[in-house]
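Inspection log for the structure reproduced underneath, given as structure tokens.
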Amino acid sequence: MAGLHPINSANATSPYGDLSRQEFYDNHHIIHHESTFAAPSTDSTLFTQSWRPAPPAAPLRGAIAMLHGYLGESGWLFELTAVAFARLGFHAVSLDLPGHGRSSGPRGHLPCFSHVVSDCISFFNSSFGSELPLFLYGESLGGAISVLIAAEQKLKWRGVVLNGPMCGLSRRIKPPWPLELLLPAVAVVAPRWRVWVTGNPIEASYKVGWKRDLARGSPAAQKSEYAPAATAREMLRLCEEVGRRGREVEAAMLVVHGGEDAVCEVEAAERLYGTAASRDKKMVVLPEAWHLLVGESEETVEMGFGLIFQWVVERANGRLTVI
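For the sequence shown, the UniProt record's numbering gives the first residue as 1, with consecutive numbering after it.
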């Protein structure tokens, strides 16, 4: 499934290349919709988006719920993957997490993760009926949230795709010792204090320089690329919860991870893969890839996303061929 990811038509200033946003959708024969969702658990107003094939089109293959990573958003670079899924015949739906993109909340602040998971479940429940095969797709932080959603809703999802999931933070991204030990206290006293770590998460996520610049050029980009203390604490707690509950995931699972990911530990993802109850599961480590697959070279993007798209299409069609 080569040539399917629109990132390879982007440039350093726009994910849509030389086209306007609407021209981009028209060029890919996509219907795009924006809305908001009143999230009860986090008391947030979440910005939401959806993408689906424009008529005339074949019947939908399935629906896919998509969750972005920390410092990300449902639009800009992330939506290019949603458009790719829509071109393959899927109804793709996503949201901006609280404190991200166009959703409400202090910038970069992640509320209690169990409340975030609850609100994501509520939104996705309101977005899809039961007539289509349903899939979860999560990158980084969104991958960790996807694991907990799949553990909570065992019978709902036909498959879960985890792209560089946040199962464990690398030492470059974790707060240095002894700050990691003191983080719970710091989070209470100064919850919005930004935790400086040795590795910058944006610098460590995008291997190709112009894509890093493009990510930072988003109108909704965060001014600070370091997490507040309360958010750093929640991320560590979230990783622990993924480690505990990953074994409850029964849906088909595909894990794709960069072998040189300096943000999220590949070893933690391997542990999740090993313990998951899924009878149909596969893990692919791309040897020289960094954290975000969309930030790789054109060749690696096509190889990695080609695996993802093929895996989802086969399971939507009821074929469980090994990739």
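From the three backbone atoms N, C-alpha and C, an ideal C-beta is built for every residue, glycine too.
Predicted model only: the values in this text are computed from it and were never measured.
Using the Cβ count rule (16 or more neighbours within 10 Å means buried), how would you classify L238?
For the purposes of this step, residue 238 is identified with residue 238 of the sequence shown, where counting begins at 1. The residue in question, L238, is buried, as its Cβ has 16 or more Cβ neighbours within 10 Å.
Three-state class that DSSP yields for K154 in the structure shown:
For the purposes of this step, residue 154 is identified with residue 154 of the sequence shown, where counting begins at 1. Coil.
T13 (DSSP reduced to helix, strand or coil):
Within the sequence shown, numbered from 1, the residue matching residue 13 stands at position 13. In the structure shown, T13 sits in coil (DSSP, three-state: anything other than H, G, I, E or B).
Who are F90's beta bridge partners in DSSP?
Residue mapping note: residue 90 aligns to position 90 of the sequence shown, counting from 1. Bridge partners of F90 according to DSSP: G62.
Between which two residues does the alpha helix (DSSP H) harbouring P133 extend?
Here the question's residue 133 lines up with position 133 in the sequence shown. Here P133 belongs to no alpha helix (DSSP H), and DSSP marks it neither H nor E.
Taking just the CA atoms, how far does G217 sit from G17?
Sequence index remark: in the sequence shown, residue 17 carries index 17 (1-based). Sequence index remark: in the sequence shown, residue 217 carries index 217 (1-based). Cα to Cα, G17 sits roughly 13 Å from G217.
K282 - DSSP class collapsed to helix/strand/coil
For the purposes of this step, residue 282 is identified with residue 282 of the sequence shown, where counting begins at 1. Of the three classes helix, strand and coil, the one that applies to K282 here is strand, per DSSP.
With a floor of 3 residues, list each beta strand (DSSP E) that falls wholly inside the segment 12-51, ordered by position along the chain.
30-39
Quick one: residues in its chain with C-beta nearer than 7 Å to the C-beta of A12, no 5 flanking neighbours on either side, listed in chain order?
Taking the sequence shown and counting its residues from 1, the one referred to as residue 12 is at position 12. Residues W210, D213, L214 of the same chain have their beta carbon placed closer than 7 Å to that of A12, with the five preceding and five following residues left out of the count.
Establish whether the CB of H33 and some CB of chain D are separated by less than 8 Å.
The structure shown contains no chain D; it is built from a single protein chain.
Would you kindly report the start and end of the unbroken beta strand (DSSP E) that includes H257?
Numbered from 1 along the sequence shown, position 257 holds the residue referred to as residue 257. Where H257 is concerned, the enclosing beta strand (DSSP E) stretches over 252-258.
In the DSSP assignment, what are the bridge partners of L67?
The residue you call residue 67 lines up with position 67 of the sequence shown. Beta-bridge pairing links L67 to G138.
Report yes or no: do three or more beta-carbon pairs, one from the segment 253-271 and one from the segment 281-300, lie closer than 8 Å?
yes
Runs of 4 residues minimum, wholly inside the segment 201-260: which ones carry the alpha helix (DSSP H) assignment?
201-205, 209-216, 229-245
Look at the Cβ atom of V208, then the Cβ atom of S140, and state whether they are nearer than 8 Å.
As a working note, residue 208 is residue 208 in the sequence shown. As a working note, residue 140 is residue 140 in the sequence shown. It is not a contact, given that the beta carbons lie outside the stated cut-off.
Same chain, Cβ closer than 6 Å to E73, neighbours up to 5 away in sequence not counted:
Within the sequence shown, numbered from 1, the residue matching residue 73 stands at position 73. Counting only Cβ-Cβ distances below 6 Å, and skipping sequence neighbours, we find D96, H100, G101, A220.
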